[in-house]
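Undergrad: This is the structure I have questions about; it appears just below.
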Amino acid sequence: MKTLYGVLLCTLITAMSFGQEQNEIKKDTTEQKETKLDEVIVTGNLKKDPVLTVVANKYDEKIVQPKNVADLFNNINGFSVIKRGNYAIDPSFRASQYEQLNIQYDGGTKAMHACPNRMDPITTHIIPEEIAKIEIIKGPYTVRYGATFGGIVNLVTQKPDYEDYGVHGKVSAGYESNGNSLVNLAQLQYIQEKYDIVANAGYRDFGDYEDGDGTEIPSSFRSTDYGIKLGYNFSDDQRLQAHWRQSFGRDVQHAALPMDTEYDNSSILSLDYKLDNIGEVVQSLTAKAYYSYVDHLMTNDNRPSFMMMEAASAVDATTIGGKLELNWKPLEKLNVFSGLDAMHIARDGGRTRLIKIMNGNPLPTPMTFNDKVWQDSYITDLGVFTEVKYNINSKNIFTAGIRYDHVTSDIQDPEADFAAMYDLEKRTEHNVSGTVSIKNRVSDNFTLEAAYGRGIRSANMIERFINHFTVGQDPYEYIGNPNLKAEVNNQFEIGFKGRQPLKNGFNSFKYETSFYYSFFENYIVGVIDPTITRKFNPTTDPTSVKVFQNIDEAYKTGFEAMAQVDFLNDYYFKTEFAYVYAKNKDLKESLPLTPPLTTKLSLGFQKEKFWGSVQYNIVSKQENISRSFGETETDGYQTLDVRFGVKPMKNITLGVAVLNALDEAYNSHLNFSFTNQANFGRTPITEPGRNLSAFLQYKF
Numbered sequence: 004m005k006t007l008y009g010v011l012l013c014t015l016i017t018a019m020s021f022g023q024e025q026n027e028i029k030k031d032t033t034e035q036k037e038t039k040l041d042e043v044i045v046t047g048n049l050k051k052d053p054v055l056t057v058v059a060n061k062y063d064e065k066i067v068q069p070k071n072v073a074d075l076f077n078n079i080n081g082f083s084v085i086k087r088g089n090y091a092i093d094p095s096f097r098a099s100q101y102e103q104l105n106i107q108y109d110g111g112t113k114a115m116h117a118c119p120n121r122m123d124p125i126t127t128h129i130i131p132e133e134i135a136k137i138e139i140i141k142g143p144y145t146v147r148y149g150a151t152f153g154g155i156v157n158l159v160t161q162k163p164d165y166e167d168y169g170v171h172g173k174v175s176a177g178y179e180s181n182g183n184s185l186v187n188l189a190q191l192q193y194i195q196e197k198y199d200i201v202a203n204a205g206y207r208d209f210g211d212y213e214d215g216d217g218t219e220i221p222s223s224f225r226s227t228d229y230g231i232k233l234g235y236n237f238s239d240d241q242r243l244q245a246h247w248r249q250s251f252g253r254d255v256q257h258a259a260l261p262m263d264t265e266y267d268n269s270s271i272l273s274l275d276y277k278l279d280n281i282g283e284v285v286q287s288l289t290a291k292a293y294y295s296y297v298d299h300l301m302t303n304d305n306r307p308s309f310m311m312m313e314a315a316s317a318v319d320a321t322t323i324g325g326k327l328e329l330n331w332k333p334l335e336k337l338n339v340f341s342g343l344d345a346m347h348i349a350r351d352g353g354r355t356r357l358i359k360i361m362n363g364n365p366l367p368t369p370m371t372f373n374d375k376v377w378q379d380s381y382i383t384d385l386g387v388f389t390e391v392k393y394n395i396n397s398k399n400i401f402t403a404g405i406r407y408d409h410v411t412s413d414i415q416d417p418e419a420d421f422a423a424m425y426d427l428e429k430r431t432e433h434n435v436s437g438t439v440s441i442k443n444r445v446s447d448n449f450t451l452e453a454a455y456g457r458g459i460r461s462a463n464m465i466e467r468f469i470n471h472f473t474v475g476q477d478p479y480e481y482i483g484n485p486n487l488k489a490e491v492n493n494q495f496e497i498g499f500k501g502r503q504p505l506k507n508g509f510n511s512f513k514y515e516t517s518f519y520y521s522f523f524e525n526y527i528v529g530v531i532d533p534t535i536t537r538k539f540n541p542t543t544d545p546t547s548v549k550v551f552q553n554i555d556e557a558y559k560t561g562f563e564a565m566a567q568v569d570f571l572n573d574y575y576f577k578t579e580f581a582y583v584y585a586k587n588k589d590l591k592e593s594l595p596l597t598p599p600l601t602t603k604l605s606l607g608f609q610k611e612k613f614w615g616s617v618q619y620n621i622v623s624k625q626e627n628i629s630r631s632f633g634e635t636e637t638d639g640y641q642t643l644d645v646r647f648g649v650k651p652m653k654n655i656t657l658g659v660a661v662l663n664a665l666d667e668a669y670n671s672h673l674n675f676s677f678t679n680q681a682n683f684g685r686t687p688i689t690e691p692g693r694n695l696s697a698f699l700q701y702k703f
């Protein structure tokens, strides 16, 4: 590791020298016209952007500490993270998570996880430093980006820098004290008029961290990533781009899961094409195709259960999809987007168990069992959509969209006991979703938005086909249900944002808020079935299982609010609130994984060459819980984060941070509990204590 770090520092010094030499050589450069692909959803165009959106950007410009996946979402209002360790982290928005959120890269590329315990969610297959910004549509308010239930999260990767032709790049290194963790990244790009190439590689080595009480949490991992992006401009209005990336996770410890990851290898290929300015009526044509493959192996070699049973599970997931969209304007005030898209998910793999001790007695000859994990299953979604935007006048824009999804699913190699429970046949579903919204720009400083969306999500593969596996926050075995009805989210929302100029040393007052209400149809939850006994270790509590079922009545409501005062030109004070209340009326309890009220208070400054902030996070106690999901009440907590960045030279960025500066010992309500860990009971995993970090980046 020290050798690798030394090589990176040598690369940094060499690159600095190269950059200085290049700066000394004066040459004529020509700015290249950028042919924009539909990698982004929010473009800053009032007439085209969806309603009720959030853009969290400048991650690549204002980095002040090395990031893991959670850091990309922790500071976005309304988001929480579901944590099983330091690697398997899922974002949650307004108590929607997993496939309830439509998470994608660059406007549509997807990579679905292979592990039934979500050791490898989509956010693990890309290096966080490669993310330029995150775009969020807060609900099912557009039909253009696939079937959407609770909202869209678009992770936009960095684009080529078109400042001038030639070679450019950056190298960076980061360190975190809590876990003795290292992060390295190198990126090169070569720009010409007709084509451009961007290549990057990163290495991450995270150790076990200590919580606020000094307890070491098993959470180490290593990952190596690289990517290559090639673009070719046929003309100023026509571009083709290919993006290839691979990620290799190694020796990943999952504190709150029964096994660890030996390796997780993912490959993602995407192709994007756009033809712009076609004519007066037909404006543009875009096309996307992508393929991803995840190869995953998990074992219990370093767990207490290994003495009684050796377990290894090799699983894989293939995701193939694409999109074709036509933008046309039959009337001056009418902008229409019509298209079709497709996504196919296939998973297979099994688990091998070598039983060495049974009923407390060693076996003279260990017994081997093979369990089917995914039972060779697939889900295919073919969708067609049309969305229209009508400019009522210069201040009002009306949007309406409708979408149809043809969903087929099948299980091709079922276990005998699963086949005995259900009449297993290829199944077809027909889902119709839609949205209507209006955006009113009342003045240059005030915008009002209102929307209704009907989002539909067919059951995922875990909910359909899992067979006696512990995939929840509790110790129950879960059984899938291939006959589940699709979940429906009827979401209403109103939001407004504005800016008010101030005087006497105060520059401006900014504010933004959204209020929403959702009522659900056919919401999917795991329900205890006392008539079925657990399959593995049948005498271990709980002896019954959970089967995924639809419930009739459930809803959620909540809000996000932000207020910011800018003063003395470079300084600001910002406060943010996020609250969601969810109710499962059938079981008379909350829906699972509902975060508590969260408040953030930030004081900072932003100058050209240096910036900093102090953020105080206040998370309330959560008493509104789902006991059937295995949740317990969570105490509130407060943490303090301090960040500072500086550009000592033109192309150098240096950042330092103190996270959880008060060394608070706490756990988030959404954290899973320790599972199959020595010296830990089944309690929620705790978060890192005080963590000092530093980050250095050089661009050339």
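When the count follows the working numbering, it moves up by one through the sequence shown with no breaks and lands on 703 for the last residue.
Note that CB positions come from ideal geometry on N, CA and C, so glycine has one too.
(1) Taking its Cβ as the centre, do 16 or more other Cβ atoms sit within 10 Å of Lys5, making it buried, or is it exposed?
(2) Give the straight-line distance between the Cα atoms of Ser295 and Tyr206, rounded to the nearest whole angstrom.
(3) Go to Ala422, then tell me how far its alpha helix (DSSP H) extends in each direction, as first and last residue.
(4) Can the beta-carbon of Leu55 be found closer than 8 Å to that of Tyr144?
(5) Starting from Met346, follow its DSSP beta bridges and name the residues at the other end.
(6) Just list the residues that DSSP pairs Ile200 with in beta bridges.
(7) Tell me, to the nearest whole angstrom, how far the beta carbon of Gly607 is from that of Val622; I am working on the premise that it is less than 8 Å.
(8) Can you grab the Cα-Cα spacing for the pair Tyr701 / Met652, in whole Å?
(9) For the ligand PLP, is there any heavy atom lying closer than 7 Å to the beta carbon of Lys591?
(10) Starting from the Cα of Tyr90, find the closest Cα among Val583, Tyr165, Asp208 and Asn157 and give me that residue.
(11) Which residues does DSSP pair with His433 in a beta bridge?
(12) Are the beta-carbon atoms belonging to Phe523 and Asn492 less than 8 Å from one another?
(13) Excluding the 5 residues preceding and the 5 following Tyr212 in the sequence, name in chain order all residues of the same chain whose CB lies nearer than 7 Å to its CB.
(14) Taking all protein chains shown into account, decide if Gln503 is buried (16 or more other Cβ within 10 angstroms of its Cβ) or exposed.
(15) For the stretch 331–339 against the stretch 316–323, do three or more pairs of beta-carbon atoms, one drawn from each stretch, fall closer than 8 Å, so that the two count as touching?
(16) Who are the Cβ neighbours of Thr637 in its own chain at under 6 Å, not counting the five residues just before and after it?
(17) Would Arg248 pass as a contact of Gly234 if the rule is Cβ separation under 8 Å?
(18) Take every Cβ of the stretch 236–243, pair it with every Cβ of the stretch 118–129, and state whether three or more of those distances are shorter than 8 Å.
(19) Classify Thr32 as helix, strand or coil using the three-state DSSP reduction.
(20) Terminal residues of the continuous alpha helix (DSSP H) containing Ile465?
(21) Ignoring anything shorter than 3 residues, give me the beta strand (DSSP E) runs that lie fully in the stretch 352–385, in order along the chain.
(22) So, helix, strand or coil for Asp569, using DSSP?
(23) Using beta-carbon positions only, say whether Gly529 and Lys549 come within less than 8 Å of one another.
(24) Based on the DSSP output, what are the partners of Lys513 in its beta bridges?
(25) Phe703 to Ala697, Cα distance in whole Å?
(26) Kindly list the residues whose CB is nearer than 6 Å to the CB of Asp279, restricted to its own chain and excluding five residues on each side of it in sequence; keep chain order.
(27) Taking DSSP's pairing of strands, which residues face Met312 in a bridge?
(28) Could you check whether Asn105 and Thr151 sit closer than 8 Å to each other, using their CB atoms as the reference points?
(29) Out of curiosity, what's the CA-to-CA distance linking Val57 and Ile137?
(30) Can you list, in chain order, the residues of its chain with a C-beta nearer than 7 Å to that of Leu571? Leave out the 5 residues immediately preceding and following it.
(31) Per DSSP, Gln68 is paired with what?
(32) Phe421 to Arg537, Cα distance in whole Å?
(33) Give the single residue among Gly475, Lys442, Ile400 and Gly386 whose Cα lies nearest to the Cα of Glu432.
(34) Express the C-alpha separation of Val174 and Thr289 in angstroms, rounding to a whole number.
(35) Please specify which runs of the beta strand (DSSP E), each continuous and at least 3 residues long, are wholly inside the stretch 611–639, giving them in chain order.
(36) When you compare only the Cα positions, how much space is there between Ile459 and Glu490?
TA: On the basis of the supplied data:
(1) Counting from 1 along the sequence shown, the entry for residue 5 is found at position 2. Its pLDDT being 36, under 50, Lys5 is placed unreliably in this model, and the value from its coordinates should be taken loosely. Looking at its Cβ environment, which holds fewer than 16 other Cβ atoms inside 10 Å, Lys5 is exposed.
(2) In the sequence shown, the residue the question calls residue 295 occupies position 292. In the sequence shown, the residue the question calls residue 206 occupies position 203. Taking the straight line joining both Cα atoms gives about 21 Å.
(3) Numbered from 1 along the sequence shown, position 419 holds the residue referred to as residue 422. Ala419 to Met424 is the span of the alpha helix (DSSP H), which, as asked, contains Ala422.
(4) In the sequence shown, the residue the question calls residue 55 occupies position 52. In the sequence shown, the residue the question calls residue 144 occupies position 141. With a cutoff of 8 Å on beta-carbon distance, Leu55 and Tyr144 are scored as near each other.
(5) In the sequence shown, residue 346 corresponds to position 343, counting from 1. Gly324 and Asp384, per the DSSP bridge assignment.
(6) Position 197 of the sequence shown, counting from 1, holds the residue named residue 200. Beta-bridge pairing links Ile200 to Tyr193 and Leu233.
(7) Translated into positions along the sequence shown, residue 607 becomes position 604. Translated into positions along the sequence shown, residue 622 becomes position 619. Not really, about 20 Å apart at Cβ, beyond 8 Å.
(8) For the purposes of this step, residue 701 is taken as residue 698 along the sequence shown, with counting starting at 1. For the purposes of this step, residue 652 is taken as residue 649 along the sequence shown, with counting starting at 1. Near 9 Å, if we compare the C-alpha coordinates of Met652 and Tyr701.
(9) The ligand PLP is not part of this structure, which contains no ligands at all.
(10) Here the question's residue 90 lines up with position 87 in the sequence shown. Of Val583, Tyr165, Asp208 and Asn157, the residue nearest in Cα terms is Asp208.
(11) Your numbering for residue 433 matches position 430 in the sequence shown. Assignment of beta-bridge partners to His433 by DSSP yields His409.
(12) Counting from 1 along the sequence shown, the entry for residue 523 is found at position 520. Counting from 1 along the sequence shown, the entry for residue 492 is found at position 489. Judged by beta-carbon spacing, Asn492 lies within the 8 Å limit of Phe523, meaning their Cβ atoms are closer than that value.
(13) Residue 212 sits at position 209 when you count from the first residue of the sequence shown. Excluding its 5 nearest sequence neighbours in each direction, Tyr212 has C-beta neighbours in its own chain below 7 Å: Asn89, Asn181, Gly182, Ile220, Ser222 and Pro691, listed in chain order.
(14) Position 500 of the sequence shown, counted from the first residue, corresponds to residue 503. Per the 10 Å Cβ criterion, exposed.
(15) Verdict: no, contact absent.
(16) For this step, residue 637 is matched to residue 634 along the sequence shown. Excluding sequence neighbours, Thr637 sits near Gln625 and His672.
(17) Along the sequence shown, read from residue 1 onward, the residue named residue 248 stands at position 245. Along the sequence shown, read from residue 1 onward, the residue named residue 234 stands at position 231. The beta carbons of Arg248 and Gly234 sit no closer together than 8 Å.
(18) At 8 Å Cβ cutoff, the stretches do not touch.
(19) Stepping through the sequence shown from its first residue, residue 32 is reached at position 29. The predicted position of Thr32 is uncertain, since its pLDDT is 40 and thus under 50; a value taken from the coordinates is nonetheless stated next. Correct three-state label for Thr32: coil.
(20) As a working note, residue 465 is residue 462 in the sequence shown. Element bounds for Ile465: Met464 to Phe468.
(21) Listed in chain order, the complete beta strand (DSSP E) runs (minimum 3 residues) inside the stretch 352–385 are 364–375.
(22) Taking the sequence shown and counting its residues from 1, one reaches residue 569 at position 566. Three-state DSSP puts Asp569 in a strand.
(23) Taking the first residue of the sequence shown as position 1, residue 529 is located at position 526. Taking the first residue of the sequence shown as position 1, residue 549 is located at position 546. Yes; because the gap between Cβ atoms is below 8 Å, this pair is in contact.
(24) Taking the sequence shown and counting its residues from 1, one reaches residue 513 at position 510. Its beta-bridge partners are Arg502 and Gln567.
(25) Counting from one through the sequence shown, the residue named residue 703 turns up at place 700. Counting from one through the sequence shown, the residue named residue 697 turns up at place 694. Answer to the nearest angstrom: the Cα atoms are 20 Å apart.
(26) Within the sequence shown, numbered from 1, the residue matching residue 279 stands at position 276. Here the set comprises Asp240 and Ser287.
(27) Numbered from its first residue, the sequence shown carries residue 312 at position 309. DSSP output for Met312 lists Ile358 as bridge partner(s).
(28) In the sequence shown, residue 151 corresponds to position 148, counting from 1. In the sequence shown, residue 105 corresponds to position 102, counting from 1. Yes, these two residues count as a Cβ contact at 8 Å.
(29) Translated into positions along the sequence shown, residue 57 becomes position 54. Translated into positions along the sequence shown, residue 137 becomes position 134. One Cα belongs to Val57, the other to Ile137, and the distance between them is close to 8 Å.
(30) In the sequence shown, residue 571 corresponds to position 568, counting from 1. The answer, listed in chain order, is Gly508.
(31) Counting from 1 along the sequence shown, the entry for residue 68 is found at position 65. Gln68 pairs with nothing; no bridge assigned.
(32) On the sequence shown, residue 421 is found 418 positions in, with the first residue counted as 1. On the sequence shown, residue 537 is found 534 positions in, with the first residue counted as 1. A direct Cα-to-Cα measurement between Phe421 and Arg537 gives close to 13 Å.
(33) By 1-based counting over the sequence shown, the position of residue 432 is 429. Considering only alpha carbons, the answer is Gly386.
(34) Translated into positions along the sequence shown, residue 289 becomes position 286. Translated into positions along the sequence shown, residue 174 becomes position 171. Straight-line Cα distance between these residues: approximately 33 Å.
(35) Listed in chain order, they are 613–622.
(36) Counted from its first residue, the sequence shown places residue 459 at position 456. Counted from its first residue, the sequence shown places residue 490 at position 487. Each residue's alpha carbon lies about 6 Å from the other.
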